[in-house]
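Chains as they are written, first to last, in the numbering used here: chain H, 327 to 826; chain X, 567 to 824; chain F, 143 to 539.
The structure appears right after this line, and notes come after that.
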Amino acid sequence: MAGRSGNLFSSIFRPVGRIVSPVWTALRRQLAQTPVLAFQLGVLVAVLLEQWQGEAFADLLGFRRIPRFFGIVDIFEPFSDLDFSGILAPFFPSPNNISASPLQDSVQALGELATTFVKAFFYQGPRAPGFFDVTFRVLIYDIVVFVVPILIIAFLLRPLVSELLRRFPKWSLILVHLIILAAIVLLWGDDGGTRELVLIFMGINIILTVSLNLVNGYMGEFSVGHAAFMAVGAYVSSVMTMWAFVDDRVFGAPALDPSWGLPVGFAIALFAGGIAAAIAALLVAFPSFRTRGDYLAIVTLAVNFIVQSAINNMEGIGGARGLNGVPLWSDLSWVLLTTILSVFIIHSLVNSTFGKGIIAIREDEIASELMGVNTKRIKLVTFLVSSFFAGVAGGLFAHVLAYINPGNFGILKSTEVLVMVYLGGMGSISGSIIAAIIFTLLLEALRPLAILKWVVIPLILIVLMLFRPQGLFGFREIELNWGWQKAKEKPEVSGATAED
Amino acid sequence: MPLLKTENVTHFFGGLKAVSDFNLRIEPGELVGLIGPNGAGKTTVFNLVTGAYRATEGRIIFDDQDIVGLPPHQINKMGISRTFQTIRLWNEMTVLDNIKVAQHGHIQYDLKDIFLQLPRYRNQEQAIEAQAMKMLKLFNLADHAQQPARNLPYGQQRRVEIVRALAANPKLLLLDEPAAGMNPQEIEELMVFIQRIRSELGVTIWLIEHQMRLVMNICERITVLDFGETIAEGGPDDIQRNTKVIEAYLGVEDEEIS
Amino acid sequence: MTRQRSVLMFCLLLVLLASVSVWPLAAQGDCNFVGEAVIGVIAPLTGDIPRVGQSTVEAAEMATDERNAACGLQINGENYEVIIVVEDNESKAESSVAAATKLIVDDEVIAIIGPQSSKQAVPTGQVANDRETPMISPWSTNPDTTFDRPWVFRAAFLDPFQGPVVAGFAASEFGATNVAVLYDIASDYPKGLAENFRDAAEELGMEVVAFESFTTGDTDFSSQLTNIIAQSPDVIFTPQYYNEVPLIVQQARALGFEGPILGSDSWGTPDLLALCGDACEGLFFSTHYAPDIATDVAQTFINAYEELYGAKPDDVAALTYDSFQLLFRAVEDAQSLERAAIRDGLANIDLYEGVTGAMSFDEQGDPTKCAVIIQIHEGAFTYYDSACPAGFPPEDM
């Protein structure tokens, strides 16, 4: 932590670091030796603890409710009143808002902004507790409810868990991990409100990001129209479920017995949406894979617009008005299951020798072809798999909004997915997952900042690109101590993060 | 029956004749050299045989089959594997993965087997990995298996590239200037290496090389190209005495001086 | 070393200061608020149409401030302060749904005002309806927003009403027999309106000689306009937004079209006047309200708004303001802050005299109200005529 001497940062943190550092090192060693399963159990206990006493404790700390998303949302709330509009507006007068002295007005607005900003840090009454106050209380809450219980449980259970990990076969352990993960997500997310919704969008974003990473990261092509395939999947699956299982205004009475809708009908519809997206991708792939380079970018960009226009002109499915009345079936468990399956399948693909051919194409396409890799086929398969999952994500997306509109699947949506891919790092599944989680959470956490959000998020991205141009985890995966494999050469890898 | 037979193979780049009427027979188990001054069309011949370029005229018969027009990966699968003049490893991938991916032509499983993790997939993956490790051990590269290919020193990368070419279990191995950039000591090791490949794996080898010492020492038969034309063919001793060859090389040296 | 220490001390001081400092509280007035009524506002502050978001927030703040100055909402003789929680939906449906869920579950709002665009209002209406929270979308015109959703209302009239109004105006004012339409096929509002207009015009015995479309983002309309002008229509109807209308009008004039060009409520932003200049002089469009209309309510609102924000309110602001007034009225009618009671209160409003005219809700939660025809006259929006549904407003008003 203490780096070059002389700079302000290290001068503040070196004394702190001197005390904290040995503790931190020891803690990290402990963390690294603790298998993931122990942490999972710790989190499970913490989540239960929050459900049991969280509200009471939040009340004790003076919160009106349990801090949202571990308090990330709450700490930004004090800044919700910042008003930037007055600074530049005087210089760009509109016909009915002309400022006599723009500079003076602007300076005044700047002053007001500064005051609001400074005030936002401090306590100003129960309705405006201020950043410091909220952060302090949020930290206490998180430490007491999450950090401490997780650490205690994880360390206590470590011997037991390690023993279990040694005894049972790997596949059963994977199952145990997944079950506990599902329990954590479902328990924590089942608040019937924002948590559930944000987790759902998180899952959808994970599928989108991981699947796009397959093409842009692993294969090294540049697809910019992921939302098009999402749209195809969304529309196909929605039309299927609406036509077959729902009494709606577009298709009339259900064609099949509505009781078949869940889970069979929805599963089939999602799958069909994915297949439809893959077929759409096939139409793109044939012309665009004949040449290499930026061509795919241009074609996919065009496809994004073509798909939107096509849907705009299909009156039977709502056209530009959108399709309303899609059943609200994408609940947390569906999204969780689909996300796990998608990640598992893509993970299996890129870790197979067959899938490593994808990376070989990125590294050197001509050499790959000469060394026996059927590059045309692999590129096609990769693109289809990627689009398939975009379609599945689209299907989930439609069934959580209950309404879809071609405008939802524009170039902006594609860009959002691209941002997540590059944030997480090319060719890294764990990076993509982390990026999707962070991005979704960031959108929610920075909600109080309103307009400022779209200043802060790009800034974060720029800073990240300056310091980590390869993304958070470019071309490598986070290594976790799963416990079933012998730790190889990297004993320092911690349980939660991989640092340089 | 020859392993490889080229019949009047001719190739044009636009209007330029890069290779003209190239005729060659390689018998199984031979170690054949292809030499010639820079720009003589040696690598073009390799590219034609491996399918990177499609011969404008002529036939290339490999294992009794005309391979002109087949996609490169299929030619590779049939048993022709090669290395490159400049190293073309998949740099970000580990050495082991490089060797594994080179066995792509032999993969039998399909997507369904991967997604469902069926036994067919698992068994083949194990076989591929075992084969790769065997190859690495055979050529003393097993220690580097988990390292990204780009981290290896130059000489090692050359060897990995040769092992990668061998991983596809070829009948014919094409080596494009394997000694390029090596010092005498390394060349010495390389010669042993190439001899070992032939003796232990029984692979037919055809190589392009500028290092005359290497060519003359290990090749049984040599073809000399100049401006796309075959100017000489024969054993090392014949070639060294051939006046056309000496002229061609001297001419090149003149060029280099001017 | 000393400098380092002083920096450290300063940081510590700052933290200490933070934990104890109390800034003076805002003056409370003498209303004796016993509680608060939290209302959620969902607006597109970022995204495609930030102007709409800004108008929404301005009108919302004005409505609440006015109300609180008059001691908030009176329920059973006690005063409740009105608090608004504004959420940005980035002009995205998923963000809007998340915002609505957050407002309903976390902020426990009594009702939601917004979102404005149908693209967000339709899915958000589903959330509000499922979670039994009253929602009023001031500006959404898609029938799906309120259809079969007892908890969802809107303040704007629907496209199926506006189309006939303009068609009727074209017939009565210009005696038009041949009409042409130019619209954006990729945007649901212009498209819906264009189709409504076409149907209404045909019903009135006019011939739609040209029905030309373009897609969002186009700036050159000359080929469509050439086609239109070749059919020599009496009027052209173009239900487009303020950024497209000036281009369309100028290009039509340049191509030699002399006749009137008609529009819809999407024209009603002051920016149109600035961008279009003289070219739009004398043109007509239908909308929700006229800034110079003579009702007291409207005048008071317009003056107050102009004083506060230095600009004339656009229709979004007026409709948002009306939505708030409707909600306040419903709360006080119901004498309750319960969501169900407020919903009933809204449904039972028999006649409300608002900025955008008199209105009441039909059984779908859509308003019955009059449209006005505005003329652009001497660089300003000027009231020209109004068109009401049959039998509205009631005679006894």
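Glycine included, each C-beta is placed from N, C-alpha and C at the ideal position.
Taking every protein chain shown into account, the CB of residue 345/F has fewer than 16 other CB atoms within 10 angstroms, so this residue is exposed. Per DSSP, the unbroken alpha helix (DSSP H) holding residue 268/F starts and ends at 260-272. Three or more Cβ pairs drawn from the region 664-676 of chain X and the region 679-686 of chain H lie within less than 8 Å of each other, which places the two stretches in contact.
Distance from the CA atom of residue 456/H to the CA atom of residue 464/F, rounded to whole angstroms, is 33 Å. 187, 188: these are the residues of the region 181-195 of chain F whose beta carbon lies less than 7 Å from some beta carbon of chain H, given in chain order. Contact annotation: in the region 353-364 of chain F, residues whose CB is within less than 7 Å of a CB in chain H are 357.
Along the region 725-748 of chain X, going in chain order, the ones with a CB nearer than 8 Å to a CB of chain H are 730, 731, 734.
For residue 679/H, the closest Cβ of chain X is nearer than 8 Å. Contact annotation: residue 492/F and residue 478/F have beta-carbon atoms that are not nearer than 8 Å.
Minimum Cα-Cα distance from residue 365/F among the listed residues 417/F, 186/F, 390/F corresponds to 390/F.
When the beta-carbon positions are compared, residue 258/F and residue 279/F come within less than 8 Å of each other. Secondary structure remark: continuous alpha helix (DSSP H) runs of at least 4 residues inside the region 524-589 of chain H, in chain order: 552-571. Counting only runs of 3+ residues, the beta strand (DSSP E) found wholly inside the region 709-784 of chain X occupies 738-742, 770-774, in chain order.
As the crow flies, the alpha-carbon of residue 495/F is around 20 Å from that of residue 198/F. The contact set of residue 268/F on chain H, defined by CB atoms closer than 7 Å, consists of 728, 729 in chain order. Rounded to whole angstroms, the separation of the alpha carbons of residue 810/X and residue 650/X is 28 Å. Note that the C-beta distance between residue 628/X and residue 774/X is not below 8 Å.
Taking 7 Å as the cut-off between beta carbons, the residues of the region 283-301 of chain F near chain H are 284, 286, in sequence order. Residue pairing of residue 227/F in beta bridges, as defined by DSSP: 182/F. Taking a beta-carbon distance threshold of 8 Å, residue 700/H counts as an interface residue toward chain X. Per the C-alpha coordinates, the member of 667/H, 674/H, 805/H, 732/H positioned closest to residue 677/X is 674/H. A distance below 8 Å between beta-carbons, with the five flanking residues on each side excluded, links residue 388/F to the following residues of its chain, in chain order: 414, 417, 418, 419, 421, 422.
Beta-bridge pairing by DSSP links residue 601/X to 790/X. Spanning the alpha carbons of residue 482/F and residue 308/F requires a straight line of approximately 38 Å. Sequence-ordered contacts of the region 233-245 of chain F with chain H read 234, 235, 236, 237, 239, 240, 241, 243, 244 [C-beta pairs closer than 8 Å]. Approximately 15 Å separates the beta-carbon atoms of residue 599/X and residue 769/X; this is outside 8 Å, ruling out the contact. Ranked by Cα distance from residue 803/X, the options 667/X, 789/X, 634/X, 639/X are led by 789/X. Closer than 8 Å to the CB of residue 533/H there is not a single CB belonging to chain X. Taking a 10 Å sphere around the C-beta of residue 652/X, we find fewer than 16 other C-beta atoms and assign the residue as exposed.
Interface annotation, residue 248/F: in contact with chain H, CB-CB separation under 8 Å. The C-alpha of residue 472/H is placed about 32 Å away from the C-alpha of residue 795/H. Distance from the Cα of residue 202/F is smallest, within the candidate group 469/F, 347/F, 219/F, for 469/F. Under the three-state reduction of DSSP output, residue 627/X falls in the strand class. Assigned with DSSP and collapsed to three states, residue 336/F falls in helix. At a cut-off of 8 Å, the C-beta of residue 494/H has no neighbouring C-beta in chain X. Linking residue 695/H to residue 647/X through their CA atoms gives a straight-line distance of about 11 Å.
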